[in-house]
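So the structure is just underneath, and the comments pick up after that.
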Amino acid sequence: MNPATAMPEFDLVLRNAQAVTASDTFFCDIGVRAGRIVQLGFGLGPGAREVDAAGRAVTPGGVDAHCHLDQPMEPPVRMADDFESGTKSAACGGTTTVIPFAAQAKGQSLRDAVHDYHARSEGKACIDYSFHLIVSDPTPQVLKEELPALIREGYTSFKLYMTYDDLKLNDSQMLDLFDIAREHGAMAMVHAENSDCIEWLTKRLEGSGRIAPRYHAHARPMLVEREATHRAIALSELVDVPILIVHVSGKEAVEQIRWGRGLGLKVFAETCPQYLFLTAEDLGIDDSYHGARCVCSPPPRDKANQEVIWDALADGLFTVFSSDHAPFRLDAPEGKRPGGKEVPFRHIPNGIPGIETRMALLWSEGVLAGRITPQKFVELTATNPAKAYGLHPRKGTIAVGADADLVIWDEREFILTNKQLHHAVDYTPYEGMLLSAWPGMTICRGEIVWDGSHFTGRAGYGRFLPRAGPSLLPKKRG
Ligand code: URP
Ligand code: ZN
Ligand code: ZN
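Each position in the sequence shown, counted from 1, maps to that position plus 6 in our numbering.
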């Protein structure tokens, strides 16, 4: 039968794919119907649309489980990316699902924070999305009613902060929240930095006039992260609950996580591109304000710490690799120059963009540079985030029945510039890097949303995903 004239059996067929999952690489055609993968095999029947992947690697679409989009900020600061620009940018970089944060302000009900965040995302997302919660005010109402109800409704993860005045929790509040995570089967994510140490160091730096962006890294040395990581693990041990430490930056925090794991504790961990590709020198080697572009917390460390993070990615210490995209314009009064001024490092909005570059940085410098296997790449960028946050097996894998969220990789050298990116931020911290790969196509639920040179999706296509509990650990019978 001539496939060109035969009735299509599929909406889309990807032919000759070198499919990569977290466990295998296999050659096959991928048949898609109604947004799902319905067949994997050789010589599949015709599709209404056909794409020849011609031996190129095809991975699951990325699941970016840590990014910030249109998160409410204290004026004049405002995030540059809303759900439309942020998810468009994600799609063009090979990500098909994002999980940003519905953040509770102190005094606000958690339910209101979730309503507000739905209003911000409604009709805007170009790819699928869900929300983590940020709990900053664990009142009795939140602990007894709102949080358990929201977990039941599919908001099965929440982030706790050990620093930032408007978000931080004390140990007793953390214990209360860990207890809720345990009782209701949610994943507790922890931002581990010791707030009092940061404040003490910041005041000393300010007292001696050291307020340039580069001193941000001096105010948050590795010790500050090490202590908080240790404490978070100890608190989770007391409650007997799995936790996930987010944005781990270097050796001393990695050692604490290895220590916890060695005791048999269920400590999961995340790292991000900034800890592989940036160092504290990117915050400035002099007092120039340009370093504000790389101010994030924890701060990037040094080359030796980058190596520790690479090793820990390869050896399985890290569970997930996220962008921690926190989009603030560099040259803007609502961004890194609040009110149009160069401000002391204390007041520089924390965070850097990276939602579009996450996947290519790791495929290029991890897989193609021989630091991690293609399977490890898939595990870190798609399968494990989907498992950790209750989206697997619908998301994060190439399997019959899974959503047809796929990336076809182009391997070619090019110089990365911000001009080619689709976020609303006026810079990328990775400007000028030589990369060897970029997604040649991104497919979200069977629709091509990035064709290798253009965004081909649309705002409103993305669906909100209520989530199950984490599935990283075996379940007890009964
Ligand atoms: O500096 C960072 N990472 N900003 C984003 C907020 C957070 O703590 O993840
Ligand atoms: Zn954080
Ligand atoms: Zn973050």
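For every residue, glycine included, the Cβ atom is placed at its ideal position computed from N, Cα and C.
May I have the straight-line CA-CA distance separating residue i from residue j, to the nearest angstrom?
i, j, result
"THR169", "VAL230", "10 Å"
"PRO154", "ASP409", "28 Å"
"GLY297", "GLY51", "55 Å"
"ARG39", "ALA218", "55 Å"
"LEU440", "THR434", "13 Å"
"VAL260", "MET13", "55 Å"
"GLU151", "LEU289", "43 Å"
"ILE157", "GLY438", "43 Å"
"LEU46", "VAL406", "7 Å"
"MET7", "ILE361", "Since pLDDT at MET7 reaches only 46, below the 50 mark, its modelled position is unreliable, and the value read off the structure follows with that caveat. Taking the straight line joining both Cα atoms gives about 44 Å."
"ASP317", "ALA310", "11 Å"
"THR31", "ARG264", "29 Å"
"LEU374", "SER115", "47 Å"
"TRP123", "GLU243", "Before going on, a small fix: residue 123 reads as Tyr here, not Trp. Approximately 32 Å, taken between the alpha carbons."
"LYS401", "LEU478", "14 Å"
"ARG299", "MET180", "31 Å"
"ARG483", "GLY191", "15 Å"
"ALA392", "HIS224", "35 Å"
"ALA109", "GLY452", "31 Å"
"GLU417", "GLY61", "12 Å"
"THR448", "GLY100", "5 Å"
"GLU233", "PRO304", "13 Å"
"LEU323", "PHE274", "8 Å"
"LEU183", "TRP369", "36 Å"
"TRP206", "ASN424", "37 Å"
"GLN312", "GLY256", "7 Å"
"GLY129", "LEU269", "46 Å"
"GLU4", "LYS382", "Residue coverage of the chain in this structure runs from 7 to 484, which leaves residue 4 outside it and unanswerable."
"GLN77", "PHE107", "7 Å"
"GLY486", "ASP457", "An answer regarding residue 486 cannot be provided, because it is not within the stretch 7 to 484 covered by the chain."
Under 8 Å, do residue i and residue j count as touching if we go by C-beta distance?
i, j, result
"HIS429", "SER91", "yes"
"SER136", "ILE186", "no"
"VAL314", "LEU386", "no"
"GLY67", "THR102", "yes"
"ARG21", "ALA63", "no"
"SER328", "GLU276", "yes"
"VAL19", "ILE43", "no"
"ASP70", "ARG473", "no"
"LEU166", "VAL196", "yes"
"LEU175", "PRO144", "yes"
"THR65", "VAL384", "yes"
"TRP415", "ALA388", "no"
"GLY341", "THR93", "no"
"ARG307", "ASP432", "no"
"ASP330", "CYS98", "no"
"VAL413", "ILE133", "no"
Let me check you understand the geometry: is the CB of residue i closer than 7 Å to at least one non-hydrogen atom of ligand 2?
i, result
"VAL252", "yes"
"HIS197", "yes"
Any idea what DSSP makes of residue i, helix, strand or coil?
i, result
"PRO248", "coil"
"SER303", "coil"
"ILE315", "helix"
"MET195", "strand"
"HIS222", "helix"
"VAL230", "helix"
"ALA54", "strand"
"GLY47", "strand"
"VAL38", "strand"
"PHE351", "helix"
"GLY213", "helix"
"THR423", "coil"
"ASP337", "coil"
"PRO66", "strand"
"HIS331", "strand"
"SER442", "strand"
"ILE204", "helix"
"ASN356", "coil"
Using a Cβ-based criterion (distance less than 7 Å to any ligand heavy atom), does residue i qualify as near ligand 3?
i, result
"ALA332", "yes"
"HIS138", "no"
"HIS74", "yes"
Quick check: is any heavy atom of ligand 1 less than 7 Å from the C-beta of residue i?
i, result
"ASN311", "no"
"SER255", "no"
"ASN356", "yes"
"CYS450", "no"
"SER502", "The structure shown does not extend to residue 502, since the chain is modelled only from 7 through 484, so no value can be given for it."
Please report whether the beta-carbon of residue i lies at a distance below 8 Å from any beta-carbon of chain B.
i, result
"GLY61", "Of the protein chains in this structure there is only one, and it is not chain B."
Continuous alpha helix (DSSP H) assignments of at least 4 residues falling wholly in the region 106–193: Listed in chain order, the complete alpha helix (DSSP H) runs (minimum 4 residues) inside the region 106–193 are 116–127, 153–158 and 177–190.
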